[in-house]
Each structure stands twice: as C-alpha cells, then as structure tokens.
Amino acid sequence: MGKKFPSFTSPHFLKQHILDTVNFYAPRCIDNVNGGYINCFLDDGTICDFETRQLVGQARFVYVFSVAWMLSHSEEYRRKAEHGISFLWYHQRDHTHGGYYWKLKGQAVTESTKKAYGHAFVLLAAATAAKAGISSAVPMIADTFDVLERYFWREEDGLYLDEMSFDWSKISPYRGQNANMHLCEAMMAAYEATGNKLYLERAKRIAESVMFRLLSQSGSLIWEHYYEDWTINWTYNYGNTKSELRPYGFIFGHSIEWSKLLLRLEQLDPSGWRVPRAKSLFQNALCLGLNREYGGICFSMAPNGIIIDFNKYYWVMAEALGASALWAVFNRSEPHLYNDLFAYIWTYFVDQERGGWYQLLNNTNHRYSNIKSPPPKTDYHPITNCLTALTCFSNHNYEATKPPPLT
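The numbering of the sequence shown is this note's numbering, which starts it at 37 and goes up by one.
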C-alpha cells in the first residue's frame, strides 16, 4: 500500500502549507534590537546568526510576510512586513549615493557593493508589500526603479549590469543572467502593484534579450556567465558549483525558472513566441537534470553534458513546482508532474513537524547539515511557487482565458 499524501492541488492545503512555512520563521526572525530580520536558523528554529543583514534575505522576508497577509489578512503579518520595509529604507539604503548596501552587521555596513540582484529583490518586496496595502512601500517601487534605470540599465543591451561600487564609480566587468532573471520577475510584480506599463515593458525587454541574445549562444539551456559584451564566458568560476550567486555550469533550476517567468509574462501580455520557448527550456532541463534513480533534479551540468553536481537544492525543486503548475494550466491537463514533484518534496524537503524546507540534499536525498535556513534563504522560493500553484488551482475561470493545448 502506497504512502498517503495530502492533496497537493487543494487550495486549502497550499494556503496552509505557505502559512506553516512562514510560521517556522515568525516571530523568531524579528529583531527588535537592531531592526530587520534574523536570517539564520537550524532545523529546530535555533538562531545561528543574530546580526547578518544580507539585502536579499531582508527583502525576501518582506515578500514572505506580505504574502502571508494577503492569504490570512492577519494584521500581525502586515506589521512584520512593515518592520522590514522600515529597516530597508532607513538602514540598508544608502542615503548619500542611493541604492542599497549588500550586507550589514546589525546596522553597520560590512559590504557596501551595489548589486542588481539585491535591488531586484528590493523591488519585488516593495511591490508585494504595496499589494498588501503597506503605503510606506509604494515610494520604494519608483525609487528602486530609478536607481536601476540610472546606474544598472544599459539600453543598447536590453539588460542590466551586475555589480557596482557603493558610489557607482566602478563597474564590475562581470555580466550575468541571474540578476536579470530576477529583475524580470520584479518588474512584473511592480506592474501588478501599480498598473504602470513601463514596468511590464521592461520585463518584456529583459526576457527578449535573454531569450534571443543569450540563449542563442548556449543552445537549449541558459548559461550563467558573460563577458562585458555579453558573449559567453565558459570558464568563469570553473568547477565552483557552490557559489551563491554565480555557480558554474548549466543550472537546471534557472532554465526552469525562466520557463515559469515566460509563462507568467504570457499571462500578462500574450505573444507568439514565449510559450514554445518556455516549453523547450522546461523539457530540456527536466530531460537532462531529472535524477531517475533517487528522484529530484540535479543541480548543474558542464558544457559537455556531464552532470557535475548531483545535489538537490530546495529552490530548484520549488521552481519546478511553480512551473509544472503553470504548465498544467497552459496544457489544460491533469497536474501529474506537479503531483509527482510535490510528493518527492513532501517526502524529503518539507519539515512536516516544525515547518520550513530543508535547504540541500545529496544525491541519495540525505541532508548535509542541520542548518535549515542560512542567509538569505527565508523560504521565499517555496512560498512564491506554492502561491503560483495556489493561483493556478484556485482559478476556476481559467478555461476561458488560457491558450489552447500545446502540441
């Protein structure tokens, strides 16, 4: 007799799972001394770093609590989101040069670099908080976009720079797709929050540049790293698959994430090219990355097609959930793949007793450590993708608006 699982497509289940995940972090993540959020927790919730304030983790918690408010309308969640907006604006923001510092210790700046990736999450946080009715987040949307526009955007490339010094005087020669991917996501959120089509047009431009300028160089999957002229750098961080933001190899999760973003963009602005491109990315990533012996999706592959990191990351599995839920909608099909993926996740990644997802498993699905959430994890990926699934499976009227089945 097989193991009994919850109904993974049930809106009730998905809503409760999101709130259970949020509640692993709340209220223990709130720092009432330094402000902002504590970002490091062991499996049992023990705090393992009180002071690190990494920009992405701070912004992700704002997103997480804003979503929790939208699902529950609990004022406690709204206050927790406002707590983070205040910290970002008054402490992590550079009031002299503009933009946001990458890392603080308490309230002291320890890494002043300005990264497009971090600003993507500030924009996402501000937009989501605005959707949750937090008025103090509204000015942050335009302010963050202005910083991105003024310093990071390159019109001739249709893409954003990756990293600059605190005073904008030095530009890193590195170019990467990862920050641009999350900026595409953030621009869609800003459009949904404000109705300003400028943000939607920017999301569309980023997607077009990545799909037609970058993907055309690498083939069936997205490559991560580029030179200043946006030609592929095949050797950057060679062999280092554990780099937080710049891992080496074809990262299957990013091709899956782009597939999801293309489908979301298609829902906002139908086109003729995004769905087939999204289908190709999703199918190629699963075909090459799926671990058919132990389950889950491997992390990375070398340019020669050899898997070089068999580990399973929580965020890769979460992105596959969101993408497979959207594909069930676009295909007008039963969500068999989504259910199979969630069954694996439920078995190995979800802490069903204490809440939250484990971060990293090895090839045979065993955990490496008892650190459930190092900075900047916060379980943003599980929450946003379960929210995507909740939207898909709660919308009983999508039959009239979704496109015809894929062939």
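Backbone N, C-alpha and C fix where the C-beta goes; we use that ideal spot for every residue, glycine too.
N-terminal and C-terminal residue of the beta strand (DSSP E) that residue i is part of
i	result
Phe77	76 to 78
Lys139	139 to 141
Ser430	First-last for Ser430: 416 to 430, but that is the alpha helix (DSSP H), not the beta strand (DSSP E).
Residue from the options whose Cα sits closest to the Cα of residue i
i	options	result
Leu140	Tyr153, Val98, Asn75, Phe181	Asn75
Asn399	Met176, Asn214, Leu304, Tyr330	Tyr330
Val445	Gln143, Leu362, Glu112	Any property of residue 445 remains undetermined from this structure, which presents the chain solely from 37 to 443.
Thr146	Trp138, Thr383, Ala152	Trp138
Gln253	Trp266, Gln303, Glu244, Arg241	Trp266
Leu281	His218, Ala314, Leu317, Gln303	His218
Asp193	Glu221, Met176, Tyr126, Arg249	Arg249
Thr180	Ala168, Tyr210, Trp125	Trp125
Phe97	Ala425, Thr424, Lys413, Leu426	Lys413
His261	Asn216, Ala314, Phe41	Asn216
Phe378	Arg403, Tyr404, Trp351	Trp351
Asp345	Ser108, Ala166, Asn276	Asn276
Tyr94	Pro209, Gly120, Lys116	The question names Tyr, yet the displayed sequence has Gln at residue 94. Among Pro209, Gly120, Lys116, the Cα nearest to that of Gln94 belongs to Gly120.
Ile83	Tyr73, Gln90, Pro312, Leu91	Tyr73
Residues near residue i in its chain [Cβ-Cβ closer than 7 angstroms; skip 5 each side]
i	result
Gly81	Phe60, Arg64, Arg390
Ala321	Leu257, Phe288, Ser291, Ile292
Leu301	Met224, Ala239, Lys240, Ala243, Arg310
Leu446	The requested residue 446 is not part of the displayed model; the chain covers only 37 to 443.
Ala162	Ala173, Met176, Ile177, Thr180
Val386	Trp393
Leu423	Ile54, Val103
Residues near residue i in its chain [Cβ-Cβ closer than 8 angstroms; skip 5 each side]
i	result
Ser122	Gly71, Ser172
Leu236	Met223, Met224, Tyr227, Leu304, Asp305
His417	Tyr350, Trp351, Ala354, Glu355
Ser208	Leu197, Asp198, Glu199, Met200
DSSP bridge partner residues for residue i (one or two, in chain order)
i	result
Gly212	His261
Phe286	Met337
Gln319	In DSSP, Gln319 forms no bridge with anything.
Thr88	Lys141
Trp189	Tyr196
Lys348	Leu397
Leu297	Paired residue(s): none; Leu297 is not in a bridge.
Glu147	Lys139
Tyr73	Ile66
Leu326	Ile333
Neighbourhood of residue i by C-beta, 6 angstroms cutoff - its chain only, sequence neighbours within 5 removed
i	result
Thr437	Any reading at Thr437 is ruled out, since the residue's pLDDT is 34, under 50, leaving its predicted position unreliable.
Asn431	none
Pro441	Note on Pro441: pLDDT 37, under 50, position unreliable in the model; no value is reported.
Lys348	Gly332, Leu397
Ser11	This structure leaves residue 11 out entirely; the chain is present only between 37 and 443.
Asp79	Asn406, Lys408
Lys167	Ala229
Asn273	Ser279, Arg282, Tyr284
Pro42	Phe49
Extent of the continuous alpha helix (DSSP H) run through residue i
i	result
Lys116	111 to 123
Ile66	Unbroken run through Ile66: none, as it is neither H nor E.
Ile407	Run containing Ile407: none in the alpha helix (DSSP H); it sits in the beta strand (DSSP E), 407 to 409.
Gly154	152 to 167
Asp376	372 to 384
Leu184	Note, Leu184: premise wrong, no alpha helix (DSSP H); not H, not E.
Ser245	233 to 245
Leu251	251 to 254
Touching by the beta-carbon criterion (3+ pairs, under 8 angstroms), the stretch 114 to 133 and the stretch 202 to 218: yes
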